[in-house]
Amino acid sequence: LPLPKASEALVTDFETGNTMGVFYALHFERAKELECVFNDGGPHYRWDKAQGGANFTIPGAGVWLLSGGRLAKVLPPPAAPGAPALKEATRTSVAFSWASSAGGVKGYRIFRDKRPVAAVSGGVTSYVDSGLMASREYHYAVAAVSTQGLEGPQSGGMSATTKPAGKPG
């Protein structure tokens, strides 16, 4: 058999946006099933075994996720939600809503000026971004995150300008 091809990508936590580690993918061109064990790669090389101390068995092609001692086939990420629609802009905040994404949504990640700024649960389809500067234009987009933590494509964008600051005194 040919040697497997490998690739890797950073994995981020949905709620915090913090990097959790690296996701490794092995590509076996002709394997119909794969039996394996995983270790943490740390100084003590703790081995992660399947329930009952057995090896893990990956039953077929696809991308698989090891989480909580179980293997699950990775499902495609959710489709992009509807583009944000402005509800209100004040001197220091922007409120907007969006149409939900279909199926398997754990939550939504909010982007301001292309950077993630917040995460909300799957049943929430509105957000108020506060602590902003007056008289400034901001750009927003939203991405749905699957129940497995995979982020789908971003929605169309929305621009909003906060109102001018009031006169002093």
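Just so you know, the sequence shown maps onto residues 5 to 173 in our numbering.
Note that beta-carbon positions come from the ideal geometry of N, C-alpha and C, so glycine has one too.
Bear in mind the structure is a predicted one, so any value in this text is a computation, not a measurement.
Legend entry - Pairwise C-alpha distance: Glu141 and Val124: Here the question's residue 124 lines up with position 120 in the sequence shown. Here the question's residue 141 lines up with position 137 in the sequence shown. One C-alpha to the other measures close to 23 angstroms.
Inset, instruction - Taking all protein chains shown into account, decide if Ala89 is buried (16 or more other Cβ within 10 angstroms of its Cβ) or exposed. - result: If you number the sequence shown from 1, residue 89 lands on position 85. Ala89 comes out exposed.
Inset, instruction - Note the first and the last residue of the continuous beta strand (DSSP E) segment covering Lys167. - result: Looking up residue 167 in the sequence shown gives position 163. Element bounds for Lys167: n/a, residue is neither H nor E.
Legend entry - Beta-carbon contacts of Val128 that lie in its chain and below 8 angstroms, excluding the five residues immediately before and after: Counting from 1 along the sequence shown, the entry for residue 128 is found at position 124. Same-chain partners within the cutoff: Gly111 and Tyr112.
Inset, instruction - Report buried or exposed for Gly156, applying the criterion of at least 16 other Cβ atoms within 10 angstroms of its Cβ. - result: Here residue 156 is taken as the residue at index 152 of the sequence shown, counted from 1. Its Cβ being crowded by 16 or more others within 10 Å, Gly156 is buried.
Inset, instruction - Can you tell me which of Cys40, Leu69, Trp68 and Ala65 puts its alpha carbon nearest to the alpha carbon of Gly57? - result: Mapped onto the sequence shown, residue 57 falls at position 53. If we check each option's Cα against that of Gly57, Cys40 comes out closest.
Legend entry - Secondary structure of Leu5, DSSP reduced to three states: Translated into the one-based positions of the sequence shown, residue 5 becomes position 1. For Leu5, the predicted structure reports a pLDDT of 47, less than 50, and the residue's modelled location is therefore unreliable. The matter cannot be settled from this model.
Legend entry - Exposure label - Asp117; buried when at least 16 CB within 10 Å: One-based indexing of the sequence shown puts residue 117 at position 113. Under this definition Asp117 is an exposed residue.
Legend entry - CA-to-CA distance, Leu69 to Pro63, given in whole angstroms: Position 59 of the sequence shown, counted from the first residue, corresponds to residue 63. Position 65 of the sequence shown, counted from the first residue, corresponds to residue 69. Those two C-alpha atoms are separated by around 13 angstroms.
Legend entry - Residue range of the unbroken beta strand (DSSP E) whose run includes Arg119: As a position in the sequence shown, residue 119 is number 115, starting the count at 1. Arg119 to Ser125 is the span of the beta strand (DSSP E), which, as asked, contains Arg119.
Inset, instruction - On a CA-only basis, which of Gly107, Lys91, Gly108 and Ala106 is nearest Phe100? Give me that one, please. - result: For this step, residue 100 is matched to residue 96 along the sequence shown. The shortest C-alpha separation from Phe100 is found at Lys91.
Legend entry - Rounded C-alpha distance that separates Ala145 from Val78: Here the question's residue 145 lines up with position 141 in the sequence shown. Here the question's residue 78 lines up with position 74 in the sequence shown. Their Cα atoms are separated by approximately 25 angstroms.
Legend entry - Own chain partners of Thr61 with C-beta closer than 6 angstroms, once the 5 adjacent residues on each side are dropped: Taking the first residue of the sequence shown as position 1, residue 61 is located at position 57. Correct list, in chain order: Glu39.
Inset, instruction - Could you check if Thr165 is buried or exposed, using at least 16 other CB atoms within 10 Å of its CB as the buried criterion? - result: Counting from one through the sequence shown, the residue named residue 165 turns up at place 161. Thr165 should be labelled exposed.
Legend entry - Per-residue DSSP class, three states only, for Gln55: As a first step, residue 55 must be located in the sequence shown, where it is residue number 51. Gln55 falls in the helix class under three-state DSSP.
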